[in-house]
Each structure stands twice: as C-alpha cells, then as structure tokens.
Amino acid sequence: MTDNAGRRVRVRFAPSPTGPLHIGGVRTALYNYLFARQHGGDLIFRIEDTDSGRFVPGAEEYILEAFDWLGIKFDEGVSFGGKYGPYRQSERRDIYRKYVDMLLEAGRAYIAFDTPQELEAKRAEIPNFQYDASTRMGMRNSLSMPKSDVDALIATGNQYVVRFLIEPDQDVTVNDLIRGKVTISSSVLDDKVLYKSADQLPTYHLANIVDDHLMEVTHVIRGEEWLPSAPLHVLLYRAFGWEDTMPQFAHLPLLLKPEGNGKLSKRDGDRLGFPVFPLEWHDPKTAEISSGYREKDYLPEAVINFLALLGWNPGDDREIMSLDEMVSLFNLEKCSKAGARFNYQKLVWFNHEYIMLKSDAEIAQLFKPVLERNGIQESDERIEKAVSLVKNRVNFVGELWDSCKYLFQAPTEFDEKSLKKWWKDEAPKTTAELCDFIEAQPDFSGQALEPAVMAWIAEKGYATGKVMNALRVTLVGAAVGPHIFEITDFIGKEETLRRARKAIQALA
RNA sequence: GGCGCUUUCAUCUAACGGUUAGGAUACAAGAUUCUCAAUCUUGGCAUACGGGUUCGAUUCCCGUAGGCGCUACCA
C-alpha cells in the first residue's frame, strides 16, 4: 500500500541514545511496526543523537537488544543498513548544514548571537518572554544588525545559532490521523533554534524534517508530547517547499502513572515494584540499576500484547493476540485519544495467559536454568511433566520452582497452617496404615493406585479429606499442589513411602 | 500564566444519535475438588458537570471543572 502521494509506506522509530528505552517508546515502536507490516512498508531505525551533551554510551546497543528480545524487527537503519543512510544523525552534519544554508539564503531563517546566559537573563527580566516577531528586532541577530557586524562576529569565532523565522498571525493546521484537524496560531510559536554552531549540529526539529524528507517517510507515528510542535514542523516543510510529500501525522496518547498524576516515569517503577524498561539497565555514570521486564521474568509476547492494548483495540472483545494477528488488525483510527494508565496488574495476567498458551516443552526450556540453579538435573521429559502439573498456578516462570520443588526434593520443613489443619488426631496413625497399604500394592501407577486407595478408605470408614491431606502434607510439606496421585506417580513408590514415614517420625 | 490535547466502571476499553451502556483485569460469592490453583457461574461498579441541537444524546456543538502535554542552543 502507498500513501496519499502514491508512495510506498515508510515509517520510523527514532530514539535518542540518552538512556534505556522507556516502555512508552516501546509502544510507539510497536505501533510503527504494526503499521509498516500491515501496509507492506518499511520500518526505519534512526538514532537522533543531535544533543551531544546528553549522549549515553551503551544506550544504542541497549535499544537494539531490547527490540531483539521483544521481537520487533526493523527493515533498515542503524545496524540494519539501507540506502538512505547514514542513519545516525551525528553522521549527517554536512547534510543538515546544506539545508540550513538553504533556509538562510531564502530568508526563512536567520543567525542569532544571543548567548544562553543572555536569553536566561531576558526570561528572568520579562515574564513570558518569547523570541519571536515581537521581540527579535531587540535581540542580537542578523535581522537587527548590519551584515558587516554579523560577518565580523562570525569571523572572530563567535558562536551562534540559526533560528527559524516565523511569520505571526497565521493559522497552521495539522491533520492528525488520530485527532483530526489541530489548528494553532503561528504567533504562539517562537523562532525555534534549528542549528547550533557550537557543535555544528541541528536541533531535533530541523534534523527530523530533513531526515524524514530525505528518507521518504510517509507517516510519522509518535507520542503526544510532539503535538504542540507539529505545526512548527508543518511550517518547516512549507519553508523547504516539501509540503506535497509531507508525511501524515499520528500522535499517540501518553502512558500515565498507575496511580496519582502525571506520565509514567522511571521513579514509578521503583516505587510500585514493576519495571518501566524492557531490559535491565546499568547506568554507566551513576552505577544505578533499573529493573527490566526481561530480567523480571516477563515473556516478551505478554509485554507486547499488553502494550498494544494500551491505547488501541481491535474493535472486538479479543485480547490475546499474536504479533501477526495484531498486524492484520491494527488501525490508527481505533487508537484512543486520552492517556492510558499503566496498570501492570493486567500485564501479570497476560503473562499468566502466555504461560498457559505455551507448550509444556517451551516452558520447560525456560524453567530448566532455574532448576539447575537450584541444583536439580532432570531429563526434559521429567521437567515437562512437572511443568504440566503446576504451570496453571503461576504467573511467572520463576515461580515454578516454589510451586513444584517438592517434585524433585523431599520437604525439609512443614507449613504450620497446613499441619494445624490436617496433621492432627488420627493423622499419624492413618497415614502409617496407608503407607502399609500402599506398600502392598502391586501396581503403583496413579491410575491403579487411586481407586485402590479410595476403596481402602471407604472400607476403613475414614474421611477421604483427612487421609489424603495428611498424606499430602508429608509429601509436599503443605496443603498445596496438584492432584495427590499425580504427585505420587511423579516421585515414585519408594520416595512416597520414604517421605511419608520420615514425616510421621519427624512430626511425632 | 499562555497554547494545545483530552474526559464511559478502581483500571484498559466497546457502543462511529435509538443497547437492560458490552467485554477484560482487579475485587467478592458460589460450583468443582483430597489441598492450593486453574476452570465455570454469579455479583457489585461508569457515561465529570451545566447548557444547547434533536422526536431521541455516551455519541454533535458551547461553556465549566478535572487530567495530560508543550512552552530550552532536550528529544
């Protein structure tokens, strides 16, 4: 499929390498991915490192690794290649300079010498100061100064910025795919800095427009925080004369805190006990560690599914969807407009659903390292069997260990509540009798043992619950777990009797 | 402060003028069972407020209030 101008659909995800990838960024990337796939288009990975001061080593690699884990694949860009490169903005200085000069020559931009300190002083002095048509002639720039002065300042090495000349009193309309027409007056826009001579790099706005144009991006799907500057971007496309191929915009609602006010931040994760980053992040400067979904044992499919539904729905009641299903169902028009609270409780539910959805063999492979860490070496078949018995009662693979360790090792201690409820009165006596009965059985398989034991209990006139739970406590250490004959079947006759008789002595 | 976006159960959301306002999570109860889960059933819970337009507003318009974002030589 193509866009309105008949072009192949091309979208991009363009993070700044200033730290770990925020979970909101993951969702933005996901929506771009779904959109690109659905339209048979391209997804570009661009690095927007125009702020040299905020560059963080390792961030780019982290972001790539995160998408790899999540299963979001790019078609071109940094580390993927492509014919529109380079895809790292810091490597495109010459390109930007050329376009800055074009704007300068066309009189759509001008050079300004005001230092950050001077501007700060101005803002302190004049409330609501804005660098625009009403103030620019009072500032130090190529509009207010003679050309000879400007040239002299540059020649003597003064730093400067290039500002975009904005004509006041013009209504600028952005046609947003999610929100419809959004109109603002150009008078509320300031003469944005497009370029800094100090590091010879553009700011976001200029780089963004030039790159999207050059890379033939057709749709810009990004967070709502960009909506206020979208009219500025439209003005830039006009200034360059690129309005006919200007991409279409879609501004996504923000991810909000689970409780309280404001958008989801790094702090919330620490405070409420859930990650806000896909992968664990070790800050190279502060040595601080932020938790990640991968390390916290979430399945990438669950994270993706949960995120997809935060601000979008397929139009019917389905919630569990594969990435491919989402690709065919995705629709920008079905995106909601209001911010979504990040309710991680539901993510836990998704994780549980995906554990249930995956085969025992798949879960067993994920569980194997956990077992090994606990000193358990078992065959894949045994592990799969154990997984099948207990996976419905866990939300995370890591919880499997606590739920089924008794399948691999005898209990070393007994849960007090369980003892109080089930290990009393006749329990030691009946359990001992049951052991003798079981020992005498020729066929120990669960299928044969269950009816035999039930008949024995009936014959003796015992209460089924009391006998079974007493046995359960001796084998498991608590009144939890799967069907008791599944457990005896798994651990075997010898171990069953050994545990039961040992417990009778230990608990006497 | 200015500008913009936004507003349906606690939370994520459906209903693109006519429904007993639906689903999911969470919560509660029940069923099942040797226990804990899972599963199934059931239950409570919402159209922010005030005006219009209309035969009829969750839905369209205006206002108010709340929420969010932007307002950098950050993205």
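Residue 381 in my numbering is what sits at position 381 of the first sequence, and the numbering runs on without skipping anything. Using N, Cα and C, we set each Cβ at its ideal position, and we do this for glycine too.
In the DSSP assignment, residue 505 forms no beta bridge with any residue. According to the DSSP secondary-structure assignment, residue 42 is paired through a beta bridge with 10.
Per DSSP, residue 238 is not a residue of any beta strand (DSSP E); the alpha helix (DSSP H) it occupies stretches across 230-240.
The region 208-224 and the region 236-248 touch, with no fewer than 3 CB-CB distances between them shorter than 8 Å.
Distance from the CA of residue 54 to the CA of residue 17, rounded to the nearest whole angstrom, comes to 8 Å. Beta-bridge partners assigned by DSSP to residue 277: 292. Membership of residue 464 in the alpha helix (DSSP H) is indicated by the continuous run 464-476. Under DSSP, residue 183 forms a beta bridge with 173. If you check the CB distance, residue 414 and residue 450 do not come in under 7 Å. When Cβ pairs closer than 8 Å are counted between the two stretches, the region 444-459 is seen not to touch the region 339-353, the count staying below three.
Residues of the same chain with a CB within less than 6 Å of the CB of residue 89, apart from the 5 flanking positions on each side, are 48, 49, 50, 207 in chain order. The Cβ-Cβ distance between residue 31 and residue 100 does not fall below 7 Å. The Cβ neighbour count for residue 261, taken over all protein chains shown within 10 Å, is under 16; the residue is labelled exposed. Distance from the CA of residue 87 to the CA of residue 63, rounded to the nearest whole angstrom, comes to 15 Å. When the alpha-carbon of residue 137 is set against those of 152, 125, 110, the nearest one is in 110. In the pairwise beta carbon analysis, the region 424-431 is classified as touching the region 465-473: at least three pairs are separated by under 8 Å. Residue 500 sits close to residue 435, with the two beta carbons spaced by under 7 Å.
Within the model, the alpha-carbon separation for residue 404 versus residue 35 is close to 42 Å.
Here residue 221 carries a strand assignment [DSSP, helix/strand/coil]. The Cβ atoms of residue 280 and residue 295 lie closer than 7 Å to each other. In this model, residue 15 and residue 278 are separated by some 14 Å (Cα to Cα).
The residue among 161, 19, 21, 72 with its C-alpha nearest the C-alpha of residue 44 is 72. Residue pairing of residue 88 in beta bridges, as defined by DSSP: 47. In the structure shown, the three-state DSSP call for residue 354 is helix. In the three-state reduction of the DSSP assignment, residue 109 falls in the strand class, which pools E and B. For the pair residue 114 and residue 139, the CB atoms are nearer than the 7 Å cut-off. For residue 256, DSSP records a beta bridge to 263, 341. The three-state secondary structure of residue 195, taken from DSSP, is strand. For the 7 Å CB-CB criterion, residue 439 and residue 347 do not form a contact. In the DSSP annotation of this structure, residue 485 is not part of any beta strand (DSSP E); the continuous alpha helix (DSSP H) holding it starts and ends at 484-491. Under a 10 Å Cβ-count criterion, residue 228 is classified as exposed, with fewer than 16 other Cβ atoms of the shown protein chains found around its own Cβ. The shortest CA-to-CA distance from residue 373 to any of 243, 391, 388, 400 is the one to 400.
DSSP places residue 373 outside any beta strand (DSSP E); the residue lies instead in the alpha helix (DSSP H), whose first and last residues are 360-373.
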